[in-house]
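Have a look at the structure below before the remarks.
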Amino acid sequence: MLTKIIQIGNSKGLRLSKTILEKYDIGDTVNMRMEENFIIIEPISKPRTDWAKSFKEMRKNGHDELLIKDIFEEESKWE
């Protein structure tokens, strides 16, 4: 895809189409890295997105039990 470099103040940049932004879920910030003769622009993943939804689903299915019991039998010993 041929894209023009545009003037942005004292800098230059490139404009990404709405289609590309939506397809790759690109928000306000990206990770840009250089490899050999390439510039790679990567969307920043949001690994914790939808955690609340996943936790609710776990609770609904009974998959939210503690794997390790509390260490202290009586917490009042430490008060």
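Oh and the sequence shown: position 66 is 72 in our numbering, straight run, nothing missing.
Beta carbons: idealized from backbone N, C-alpha and C, even for Gly.
Between the CA atoms of residue j and residue i - distance to the nearest angstrom
{"i": "Tyr30", "j": "Asn16", "result": "28 angstroms"}
{"i": "Trp143", "j": "Ile47", "result": "Any answer about residue 143 is impossible in this case: the structure gives the chain only from 7 up to 85."}
{"i": "Asn43", "j": "Val36", "result": "19 angstroms"}
{"i": "Lys59", "j": "Gly68", "result": "14 angstroms"}
{"i": "Thr9", "j": "Pro53", "result": "31 angstroms"}
{"i": "Gln13", "j": "Glu41", "result": "25 angstroms"}
Contact test: residue i Cβ vs the ligand ADP heavy atom, cutoff 7 angstroms
{"i": "Ser23", "result": "Of the ligands one can find in the structure shown there are none, so the ligand ADP has no counterpart to examine."}
Helix, strand or coil at residue i [DSSP, three-state]
{"i": "Leu88", "result": "Any answer about residue 88 is impossible in this case: the structure gives the chain only from 7 up to 85."}
{"i": "Glu28", "result": "helix"}
{"i": "Glu71", "result": "coil"}
{"i": "Glu42", "result": "coil"}
Check whether residue i and residue j have beta carbons under 8 angstroms apart
{"i": "Ile32", "j": "Pro49", "result": "yes"}
Which listed residue (the options) has its alpha carbon closest to that of residue i
{"i": "Asp34", "options": "Glu41, Lys24 and Lys18", "result": "Lys24"}
Short CB-CB distance (under 8 angstroms) between residue i and chain D
{"i": "Lys29", "result": "Note that chain D does not occur in the displayed structure, where there is just one protein chain."}
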